[in-house]
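Below you'll find the structure, written out as structure tokens, and then a few comments.
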Amino acid sequence: VNAVVIKEAVKDIIAISDNRIKKIVSVPAKGKATVNTLMAFDELLYDLGDLAQKLGVVASTYQNDSTRNAANDEGGNLGNYANDLFLNEGLYKAIKTYSTSAAAKELRPNQQKFLKETIIAFEKSGMKLDSAGRKELQALNEKLVNLGIEFDRNIAEYKDSVTFSEAQLVGVAENTKKPWM
79 VNAVVIKEAV
89 KDIIAISDNR
99 IKKIVSVPAK
109 GKATVNTLMA
119 FDELLYDLGD
129 LAQKLGVVAS
139 TYQNDSTRNA
149 ANDEGGNLGN
159 YANDLFLNEG
169 LYKAIKTYST
179 SAAAKELRPN
189 QQKFLKETII
199 AFEKSGMKLD
209 SAGRKELQAL
219 NEKLVNLGIE
229 FDRNIAEYKD
239 SVTFSEAQLV
249 GVAENTKKPW
259 M
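Heads up, the numbering used here is the position in the sequence shown plus 78, with the first residue counted as 1.
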């Protein structure tokens, strides 16, 4: 894994996700089914979350600065993209329309819960706001993500140390102290 691979992975998943969103939104109301709406959205979220988690591990653990910084930056870009999903009016309307379909009424209880919580997530994320309110919320979300990136970068790059005297280490086992001496 390196910075180029990370940037390419984020670019690819965003392109794939954009295509998935277009497919979900383009299905006519009468054609909405579990597989082309609910499961398609679940797969979209899964793949975004999977890559975000991997980037989080790289951003927190890699010693190579360019790789770690790329993971941190691209994780932020992916976070902004994921936040924006829940402000996508077409996607919200597609899922909301599906929720009133005959297919939605036939869902298993766990699927019904996922559908209900998805709609709530859209609404809590700003879909009940007007267009201007959603734009303002989008800007605030982006600012929060960027602050998180900056915080994570500061933690990862912090290289301070602490020194203890022998007296302060009284009671610490020799095998614990030895590698640090």
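Even for Gly, the Cβ is constructed at its ideal location relative to N, Cα and C.
Counting along the chain, where does the alpha helix (DSSP H) carrying residue i start and finish?
i: E228; result: S209 to E235
i: T112; result: Careful: T112 lies outside any alpha helix (DSSP H) and carries neither H nor E.
i: F192; result: P187 to F200
i: L116; result: Premise fails: L116 is in no alpha helix (DSSP H) and is neither H nor E.
i: Y255; result: A quick correction: the sequence has Lys, not Tyr, at residue 255. Per DSSP, K255 belongs to the alpha helix (DSSP H) from E252 to K255.
i: K183; result: A180 to K183
Check each candidate in the options and name the one with the smallest Cα separation from residue i.
i: L116; options: N188, P257, E244 and L215; result: N188
i: A130; options: Y170, Y159, L222 and A182; result: Y159
i: A245; options: K237, K255, Y236 and S239; result: K255
i: V79; options: L123, R146 and Y124; result: R146
i: M127; options: A87, V105, N166 and S104; result: The amino acid occupying residue 127 in the given sequence is Gly; Met does not appear at that position. The shortest C-alpha separation from G127 is found at A87.
Is DSSP giving residue i helix, strand or coil here?
i: K171; result: helix
i: V103; result: helix
i: D238; result: coil
i: E244; result: coil
i: G127; result: helix
Report yes or no: do three or more beta-carbon pairs, one from the region 178 to 193 and one from the region 100 to 120, lie closer than 8 Å? The region 178 to 193 vs the region 100 to 120: in contact.
How do the region 213 to 231 and the region 146 to 162 stand: do at least 3 beta-carbon pairs fall below 8 Å, yes or no? Yes: at least three Cβ pairs fall under 8 Å.
Does the contact criterion of 3 or more C-beta pairs under 8 Å hold for the region 94 to 110 versus the region 160 to 174? Touching, yes.
How do the region 133 to 142 and the region 205 to 220 stand: do at least 3 beta-carbon pairs fall below 8 Å, yes or no? No contact exists between the region 133 to 142 and the region 205 to 220.
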